[in-house]
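Chemist: The structure that follows is given in the form of structure tokens.
And the structure:
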């Protein structure tokens with residue numbers, strides 16, 4: 091089977107989101123061929139180069155989302171092409187404006203879809219859409235849709251600066267429409283398109299389905315629409331937020347409508363997809379696969395843990411709510427004076443660096459350096475480290491150093507750090523955010539977010555009860571090994587691939603490089619002999635000879 095794997099900002103680049111997951115999937119499915127179609131997010135990412143690829147990867151094609159250079163241009167549209175562009179882009183903008191007030195309907199979804207595929211066909215014929223989407227014609231078309239009768243107030247109030255911002259965002263999001271990936275020598279030759287996220291990464295899969303009938307599988311471990319909502323800063327204008335949210339909502343709806351199967355990574359993502367119109371019958375939850383081998387030693391030696399140490403591991407940023415964790419630990423210290431807290435992680439960008447500095451200052455204020463006597467050197471019960479430092483050389487050693495692993499987030503997607511702690515057989519205390527409850531499944535304690543007292547009480551309860559810690563840690567390790575390993579992930583996708591191509595074979599005659607027919611390139615019924623009788627022989631009368 092030949093699979094077109096669609097990625098955005100990740101695999102096969104040396105840095106990027108979901109790189110490890112995609113690499114493990116490709117290597118685990120060695121019986122299939124993979125063509126990689128990657129959308130890059132930055133020049134730095136491309137300059138770092140590609141990861142070493144296994145032999146089942148037969149082709150790699152990349153295209154940038156961070157620059158408009160080389161997008162086909164669309165310079166020199168004739169009168170007819172300009173009229174078609176105005177018509178289709180106006181319909182797409184009209185669907186976005188109609189949905190900007192949240193009152194989406196099936197008619198709006200159909201209008202958006204027809205406009206999207208109309209633009210794709212125009213881009214295929216004219217060599218691209220980039221220049222047209224960036225032109226004054228594109229901005230004026232968007233403005234007319236926002237000022238049209240019936241448009242919501244937020245759209246009508248959009249200023250010129252808002253329209254330019256929205257037009258620029260739409261141009262970047264629609265760049266996949268201008269790619270030359272949709273012929274019989276590219277995605278059209280695949281038996282299946284597998285998009286590793288929603289949004290722009292799934293757009294090539296939609297177009298391969300539209301132009302060539304290739305079935306589409308969409309995996310979302312972090313829902314693209316949710317990420318867009320969370321990424322909208324408070325400084326964005328109301329019109330910009332409303333219009334872009336409507337566009338991404340309509341795009342998500344179209345992706346969910348056309349995908350043969352959706353594979354969210356957890357029930358939290360599944361609920362988002364269902365709310366956007368995904369058919370429940372076409373959803374299969376597939377948990378991310380993580381390598382458990384590196385955590386085996388820690389998981390099989392729970393006695394290595396310091397019985398008084400709490401461990402937090404993750405990326406330092408405001409959503410992790412380390413401030414509440416520090417206040418909770420202050421309450422823990424009042425009940426367990428010997429307790430210690432290890433915070434291990436690196437800051438996520440400039441905002442994370444500032445937040446880390448704030449947390450260090452708060453820790454110094456809450457816990458002045460302590461010393462046993464007048465001639466001893468004091469130390470703080472809270473330590474800050476990064477993976478790779480002398481005190482925190484590897485993740486397994488960090489998890490193994492503590493008796494309880496703590497998660498304090500107020501916003502969380504799929505908590506990979508908790509799964510790593512479960513592989514290590516550690517008891518956990520977590521806030522109820524994202525897919526935490528689904529991952530823990532009763533093998534750890536869960537408390538409400540932004541509640542330092544509840545977090546402290548749960549930590550104290552486990553610190554004082556080593557037998558309970560051992561039971562929870564053993565149960566957590568068994569659950570993680572059953573549900574969250576690479577092997578279960580690869581096996582699940584292997585079955586889904588076969589399910590899709592068995593129901594949606596690509597209906598054309600394709601040959602591989604040696605001239606042999608490709609498997610699944612033609613429907614099974616095409617192999618039925620032409621002289622097959624209309625009436626089976628067993629149904630004929632016994633007095634009438636079979637012909």
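Residue numbers (this note's numbering): 91 to 637. We treat Cβ as the ideally placed atom computed from N, Cα and C, and that holds for glycine. Predicted model only: the values in this text are computed from it and were never measured.
1) So, is residue 160 buried or exposed, given that buried needs 16 or more other C-beta atoms within 10 angstroms?
2) Who pairs with residue 123 in a beta bridge, going by DSSP?
3) Leaving aside the five residues before and after residue 356 along the sequence, list all residues of the same chain whose C-beta is less than 6 angstroms from its C-beta, in chain order.
4) Between which two residues does the alpha helix (DSSP H) containing residue 353 stretch?
5) Report the three-state DSSP secondary structure of residue 492 (helix, strand or coil).
6) Which residues in the same chain have their Cβ closer than 7 angstroms to the Cβ of residue 474, if we skip the five residues on either side of it in sequence?
7) Using a Cβ-Cβ cut-off of 6 angstroms (strictly less than) and excluding sequence neighbours within five positions of residue 401, which residues of its own chain qualify?
8) So, at 8 angstroms on beta carbons, what are the nonlocal neighbours of residue 373 in its own chain, with the 5 sequence-adjacent residues on each side left out?
9) Around the Cβ of residue 480, are there at least 16 other Cβ atoms within 10 angstroms (buried) or fewer (exposed)?
10) Please classify residue 226 as buried or exposed, where buried requires at least 16 other C-beta atoms within 10 Å of its C-beta.
11) Determine the burial state of residue 293: buried for a count of at least 16 other Cβ atoms within 10 Å of its Cβ, exposed for fewer.
12) Residue 614 by DSSP, collapsed to three states: which one?
13) Any contact of the stretch 168-182 with the stretch 229-237, i.e. 3+ C-beta pairs under 8 angstroms?
14) How would you call residue 265, buried or exposed, if buried means at least 16 neighbouring beta carbons within 10 angstroms?
15) If the criterion is Cβ atoms closer than 9 angstroms, does the pair residue 100 and residue 109 meet it?
16) With H, G and I counted as helix, E and B as strand and the rest as coil, what does DSSP make of residue 398?
17) Ignoring anything shorter than 4 residues or poking outside the stretch 260-333, list the alpha helix (DSSP H) runs there in chain order.
18) Give the range of the beta strand (DSSP E) segment to which residue 518 is assigned.
19) Going straight from the alpha carbon of residue 173 to that of residue 205, what length do you get?
20) Hey, out of 255, 262, 511, whose CA is closest to residue 490's CA?
21) Can you check DSSP and say which residues form a bridge with residue 129?
22) Using only CA atoms, which one of 201, 550, 298, 557 lies nearest to residue 398?
23) Return the CA-CA distance between residue 421 and residue 442, expressed in angstroms with no decimal places.
24) In the DSSP assignment, the beta strand (DSSP E) including residue 412 goes from what residue to what residue?
25) Measure the alpha-carbon distance for residue 263 versus residue 584 and round it to whole angstroms.
26) Check the C-beta distance from residue 539 over to residue 591 and give it rounded, since I have them as a contact under 8 angstroms.
27) List the DSSP bridge partners of residue 143.
28) Looking at residue 445: is its Cβ nearer than 9 angstroms to the Cβ of residue 300?
29) Are three or more beta carbon pairs between the stretch 377-395 and the stretch 412-419 nearer than 8 angstroms?
30) Quick one: what does DSSP say residue 236 is sitting in, helix, strand or coil?
31) If you draw a straight line from the C-alpha of residue 483 to the C-alpha of residue 216, how long is it?
32) Whole beta strand (DSSP E) runs in the stretch 528-604 with 3 or more residues, listed along the chain?
33) Nearest by alpha-carbon distance to residue 328: which of 309, 275, 255 is it?
34) In whole angstroms, what is the alpha-carbon distance linking residue 390 and residue 523?
35) Ordered along the chain, which non-local residues of its own chain (more than five positions away) have a Cβ less than 8 angstroms from that of residue 343?
36) In angstroms, rounded to a whole number, what distance separates the CA positions of residue 316 and residue 340?
Modeler: To lay it out plainly:
1) For residue 160, the pLDDT reaches just 45, beneath the cut-off of 50, and the residue's location in the model is therefore unreliable, although a value from the coordinates is still provided. Exposed is the call here.
2) 92
3) 504, 525, 528
4) Counting along the chain, residue 353 falls outside any alpha helix (DSSP H), though it belongs to the beta strand (DSSP E) covering 351-354.
5) strand
6) 433, 450
7) 432, 492, 495
8) 351, 352, 353, 354, 360, 363, 364
9) exposed
10) exposed
11) buried
12) Interpretation of residue 614 is limited by its pLDDT of 48, a score under 50 that renders its predicted location unreliable; the figure taken from the coordinates is listed afterwards. Note: residue 614 maps to helix in three-state DSSP.
13) yes
14) buried
15) yes
16) strand
17) 293-302, 314-321
18) 517-521
19) 13 angstroms
20) 511
21) 98, 153
22) 550
23) 25 angstroms
24) Premise fails: residue 412 lies in the alpha helix (DSSP H), 412-425, not in any beta strand (DSSP E).
25) 30 angstroms
26) Wrong, their Cβ atoms sit about 43 angstroms apart, outside the cutoff.
27) Beta-bridge pairing links residue 143 to no other residue.
28) no
29) no
30) helix
31) 55 angstroms
32) 535-537
33) 255
34) 29 angstroms
35) 194, 199, 202, 366, 367
36) 13 angstroms
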